[in-house]
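Respectively, the protein sequence lines represent chains A and B. Going by the numbering used here, the first residue of the first sequence is number 2, and it counts up by one from there. Going by the numbering used here, the first residue of the second sequence is number 47, and it counts up by one from there. A virtual CB, placed ideally from N, CA and C, is assigned to each residue, including glycine. Predicted model, so just to flag it, every value in this text is computed and none were measured. To start, the structure under review is shown below, and the notes come after it.
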Amino acid sequence: AQTVTQSQPEMSVQEAETVTLSCTYDTSENNYYLFWYKQPPSRQMILVIRQEAYKQQNATENRFSVNFQKAAKSFSLKISDSQLGDTAMYFCAFSNSGGSNYKLTFGKGTLLTVNP
Amino acid sequence: NAGVMQNPRHLVRRRGQEARLRCSPMKGHSHVYWYRQLPEEGLKFMVYLQKENIIDESGMPKERFSAEFPKEGPSILRIQQVVRGDSAAYFCASSPGTGRETQYFGPGTRLLVL
């Protein structure tokens with residue numbers, strides 16, 4: 002079974018600075034998908050970024066980028082130029098590309114607070 | 047294009063009552079997924095449905111929980127005889143297909159059992 006571990010329950014960062022959230026996962030699959038979702042105080046789940054394991058290039062979406070280390074099974078999220086609106090719970094998630102590829106497995110989340 | 051819609055957003059039930067949670071997927075999406083988020087936890091997969099079919103219900107509790115996605119209308123997650131441990135946020139997601147398709151989430155329904 003796949004597992005996703007987020008070792009940082011809480012983090013804080015000053016506005017305009019850069020912060021990195023950690024995520025590791027365990028799988029025996031060779032191809033799979035990794036995601037970061039954001040859950041602000043409104044509790045809505047919002048997709049931040051997605052990475053396909055067969056792609057070596059790290060995904061980037063504006064201020065959000067990932068450092069995908071397949072051999073180390075690590076998938077960290079870097080937020081540059083942090084904004085107050087980035088304050089949220091961030092969840093790392095995994096899905097394989099096999100038969101049950103629709104089933105997202107989530108980590109427990111990291112609560113990020115951006116301070117003014 | 048409206049996103050995934052869930053209602054009600056908040057639901058309060060007393061122990062022993064029934065809870066019905068509704069989910070309307072995004073336009074053009076025929077695949078629906080339900081997840082449960084307990085306090086201080088990540089989301090956990092419950093069930094995957096396509097129109098009129100339950101594809102995978104491996105994450106559903108064996109009793110009291112059921113789900114459907116009829117040909118017409120929203121997907122329904124039904125919890126009979128609720129207990130306090132059912133208190134959680136229930137999220138619905140949808141996608142146009144599976145595998146490589148990203149799942150888009152609704153705002154969730156917060157169920158509180160008194």
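Contact note: residue 46 of chain A reaches chain B through 137 and 151, using a C-beta cutoff of 7 angstroms and chain order. Not one beta carbon of chain A lies nearer than 8 angstroms to the beta carbon of residue 155 of chain B. Taking residue 58 of chain B as reference, the option from B:139, B:79 and B:128 with the minimal CA-CA separation is B:128. From the beta-carbon of residue 91 of chain B, the residues of chain A found nearer than 7 angstroms are 104 and 105. C-alpha of residue 53 of chain B to C-alpha of residue 154 of chain B: approximately 8 angstroms in a straight line.
Relative to the Cα of residue 87 of chain A, the nearest Cα in the group A:10, A:20, A:3 and A:9 belongs to A:20. Inside the stretch 68-117 of chain A, DSSP marks whole beta strand (DSSP E) runs of 3 or more residues at positions 75-80, 89-97 and 111-116, from first to last along the chain.
Using a CB distance cut-off of 8 angstroms, residue 92 of chain A counts as an interface residue toward chain B. With a beta-carbon spacing of about 16 angstroms, residue 76 of chain A and residue 113 of chain A fall beyond the 8 angstroms limit used to define contacts. For residue 115 of chain B, there is no enclosing beta strand (DSSP E), as DSSP marks it with neither H nor E. Close CB contacts of residue 55 of chain A within its chain, under the 7 angstroms cut and outside five residues either way in sequence, are with 32 (chain order).
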